[in-house]
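Q:
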Amino acid sequence: MPELPEVEVICQGLQSHLLNQTISSVYCSGKDLRIPIDCVALQTELLNSAITSLRRRAKYLLLKTDNGAALIIHLGMTGNLGIFPAGTALKKHDHVCWTLGNNTELRYNDTRRFGSIRLLKPETSSSDEKAFFAAIGPEPLSRNCSTAYLMQRAVNRKQSVKSFLMDSHVLAGVGNIYANETLFKAGIHPEQPASSLSAKQWERVLTVLRKTLKHAIACGGSTISDFVNASGEGGYFQMNFKIYGKTGEPCETCGEIVQKKQVGGRASFYCRKCQPISTNTCDER
DNA sequence: CAAGTTACCTGACGGC
DNA sequence: TGCCGTCAGGTAACTT
Numbered sequence: 002m003p004e005l006p007e008v009e010v011i012c013q014g015l016q017s018h019l020l021n022q023t024i025s026s027v028y029c030s031g032k033d034l035r036i037p038i039d040c041v042a043l044q045t046e047l048l049n050s051a052i053t054s055l056r057r058r059a060k061y062l063l064l065k066t067d068n069g070a071a072l073i074i075h076l077g078m079t080g081n082l083g084i085f086p087a088g089t090a091l092k093k094h095d096h097v098c099w100t101l102g103n104n105t106e107l108r109y110n111d112t113r114r115f116g117s118i119r120l121l122k123p124e125t126s127s128s129d130e131k132a133f134f135a136a137i138g139p140e141p142l143s144r145n146c147s148t149a150y151l152m153q154r155a156v157n158r159k160q161s162v163k164s165f166l167m168d169s170h171v172l173a174g175v176g177n178i179y180a181n182e183t184l185f186k187a188g189i190h191p192e193q194p195a196s197s198l199s200a201k202q203w204e205r206v207l208t209v210l211r212k213t214l215k216h217a218i219a220c221g222g223s224t225i226s227d228f229v230n231a232s233g234e235g236g237y238f239q240m241n242f243k244i245y246g247k248t249g250e251p252c253e254t255c256g257e258i259v260q261k262k263q264v265g266g267r268a269s270f271y272c273r274k275c276q277p278i279s280t281n282t283c284d285e286r
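Going by this note's numbering, the first residue of the first sequence is number 2, and it counts up by one from there.
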């Protein structure tokens, strides 16, 4: 479910509920996520420490406590974090629950268990954090992501531009929905090789991507099936989808029927007229 | 080494 | 009603 905008919305929504709260107990369902959960370690490292910060990097949430420990949380496809009154009934697929000092609980719910919760111990959390995030590409909304950077990374890459945009080692936080939307608005076919885009096209991709991500964050993210923010409210950016999930419908721009095709193993939606497969070799480069 | 494929897991949906 | 196949927002290990 969650791509950069959804994780950002959750992060912002949780801030006021979590900051300065002391963790008084930790519950685990016993089922593992994508990586095993060490419940004993979660208890020993976090108990009676206070949450000092929460921020997003890529699709990860980084939560730090005053004893120097940290959690790196990923929501996978169906993960979510929410605040609930302490003691109320757990829901199906609630896998980790942190009781906080103000009589509330932070709960991690994840139907498919594709998410992950990594615990960084106080002694090594700083270097572990750096190492973990070093492998991930720059934030598309930050200044250190530029047209020049994307062009340079795309040199000699025969891979489709869509897979390239979704590669977390290249760019942080871009998933299937926003890759589809961005390429539609930029007028670029998802299967065009990354190395074949002109400077002008890369500029358009980055501009459109940033605009789309910001718009989605402002809308509270996209709700497909079950996404909700920390207060249990869905986002409404899905109302603004131009191409994602529109198979068989007329293109909003030109009326051509929207196509669906697997690209890099992921469902890809595009308009044949608005996103022509360009074999531009030298003219625009 | 780059790029494509598969596995991880549950649930919703459509066809029969 | 139910059984079966297909599909789903992500990531990383594996294969080619």
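Don't be surprised by glycine CBs; every beta carbon is placed ideally from N, CA and C.
What is the DSSP secondary structure of alanine 180, counted as helix, strand or coil?
A: Along the first sequence, read from residue 1 onward, the residue named residue 180 stands at position 179. Three-state result, alanine 180: helix.
Q: May I ask you to check if the CB of serine 127 is nearer than 7 Å to at least one heavy atom of the ligand ZN?
A: Of the ligands one can find in the structure shown there are none, so the ligand ZN has no counterpart to examine.
Q: So is methionine 240 buried or exposed if we call it buried at 16+ other beta carbons inside 10 Å?
A: In the first sequence, counting from the first residue as 1, residue 240 sits at position 239. That one is exposed.
Q: Mind checking aspartate 111: buried by the 16 CB within 10 Å criterion, or exposed?
A: Here residue 111 refers to the residue found at position 110 when the first sequence is read from its first residue. Burial call: buried.
Q: For isoleucine 36 versus serine 117, is the C-beta spacing smaller than 8 Å?
A: On the first sequence, position 35 is the one that residue 36 refers to. On the first sequence, position 116 is the one that residue 117 refers to. Closer than 8 Å, so yes.
Q: Specify the secondary structure class of arginine 158 as computed by DSSP and reduced to three states.
A: Taking the first sequence and counting its residues from 1, one reaches residue 158 at position 157. Residue state, collapsed to three classes: coil.
Q: So what's aspartate 95 in DSSP terms, helix, strand or just coil?
A: Locating residue 95 in the first sequence gives position 94, counting from the first residue. It is a strand residue.
Q: Pull up the distance between the alpha-carbon of valine 264 and that of alanine 132, whole angstroms please.
A: Looking up residue 264 in the first sequence gives position 263. Looking up residue 132 in the first sequence gives position 131. Computed Cα separation, rounded: 31 Å.
Q: State buried or exposed for serine 127, treating a residue as buried only when at least 16 other CB atoms are found within 10 Å of its CB.
A: For the purposes of this step, residue 127 is identified with residue 126 of the first sequence, where counting begins at 1. Result: exposed.
Q: Once DSSP output is grouped into helix, strand and coil, what is the label at arginine 205?
A: Your numbering for residue 205 matches position 204 in the first sequence. The answer is helix: DSSP assigns arginine 205 an H, G or I state.
Q: Using only CA atoms, which one of Gly31, Gln16, Glu7, Gly102 lies nearest to glycine 77?
A: The residue labelled residue 77 in the question sits at position 76 within the first sequence. Measuring from the Cα of glycine 77, the nearest candidate turns out to be Glu7.
Q: What are the start and end residues of the alpha helix (DSSP H) that includes alanine 135?
A: Here residue 135 refers to the residue found at position 134 when the first sequence is read from its first residue. Here the alpha helix (DSSP H) through alanine 135 covers 126-135.
Q: Which residue wins for smallest C-alpha separation from tyrosine 179, given the options Leu214, Arg267, Cys272?
A: Here residue 179 refers to the residue found at position 178 when the first sequence is read from its first residue. The option with the nearest alpha carbon to tyrosine 179 is Leu214.
Q: Check whether the segment 94-110 touches the segment 21-33, counting contact only when three or more Cβ pairs, one atom from each stretch, lie closer than 8 Å.
A: Yes, the segment 94-110 touches the segment 21-33.
Q: Helix, strand or coil for histidine 190? Go by DSSP, reduced to three states.
A: The residue given as residue 190 occupies position 189 in the first sequence. In this structure, histidine 190 counts as coil in the three-state DSSP scheme.
Q: Mapping the DSSP letters down to three states, classify cysteine 29 as helix, strand or coil.
A: Taking the first residue of the first sequence as position 1, residue 29 is located at position 28. Here cysteine 29 sits in strand by DSSP.
Q: Nearest-angstrom Cα distance between arginine 273 and arginine 211?
A: Indexing the first sequence from 1 puts residue 273 at position 272. Indexing the first sequence from 1 puts residue 211 at position 210. For arginine 273 and arginine 211, the distance between alpha carbons rounds to 24 Å.
Q: Whose C-beta lies closer than 8 Å to the C-beta of phenylalanine 228 among residues of the same chain, with five residues either side of it excluded?
A: Here the question's residue 228 lines up with position 227 in the first sequence. Low per-residue confidence applies at phenylalanine 228: pLDDT is 49, beneath 50, and the placement is therefore not dependable, though the value from the model is reported in the following sentence. Within the same chain, phenylalanine 228 has close Cβ partners Met2, Pro3, Glu7, Asn81, Gly222, Gly235, Gly236.
Q: In this structure, how does DSSP classify tyrosine 245 when only helix, strand and coil are distinguished?
A: Translated into the one-based positions of the first sequence, residue 245 becomes position 244. The answer is coil: DSSP assigns tyrosine 245 none of H, G, I, E or B.
Q: If we require 4 or more residues per run, which alpha helix (DSSP H) segments fall completely within the segment 36-64?
A: If we require 4 residues or more, the alpha helix (DSSP H) runs fully inside the segment 36-64 come out as 40-47.
Q: Going straight from the alpha carbon of alanine 84 to that of leucine 15, what length do you get?
A: Along the first sequence, read from residue 1 onward, the residue named residue 84 stands at position 83. Along the first sequence, read from residue 1 onward, the residue named residue 15 stands at position 14. Before going on, a small fix: residue 84 reads as isoleucine here, not alanine. The straight-line gap from Cα to Cα measures roughly 8 Å.
Q: Can you name the start and end residues of the alpha helix (DSSP H) that histidine 75 belongs to?
A: In the first sequence, the residue the question calls residue 75 occupies position 74. No alpha helix (DSSP H) holds histidine 75; the beta strand (DSSP E) holding it covers 71-75.
Q: So isoleucine 11 is in the alpha helix (DSSP H); what residue range does that whole segment cover?
A: In the first sequence, residue 11 corresponds to position 10, counting from 1. Element bounds for isoleucine 11: 5-19.
Q: Go ahead and pull the three-state DSSP assignment for serine 196.
A: As a first step, residue 196 must be located in the first sequence, where it is residue number 195. In this structure, serine 196 counts as helix in the three-state DSSP scheme.
Q: Sort Lys122, Thr183, His18, His94 by Cα distance to threonine 45 and report the nearest one.
A: Sequence index remark: in the first sequence, residue 45 carries index 44 (1-based). Taking only the C-alpha atoms, the option nearest threonine 45 is Lys122.
Q: Relative to the C-alpha of valine 162, which candidate in Ala200, Ser169, Ile189 has its C-alpha closest?
A: The sequence position of residue 162 within the first sequence is 161, counting from 1. Residue Ile189 is the option with its Cα nearest to valine 162.
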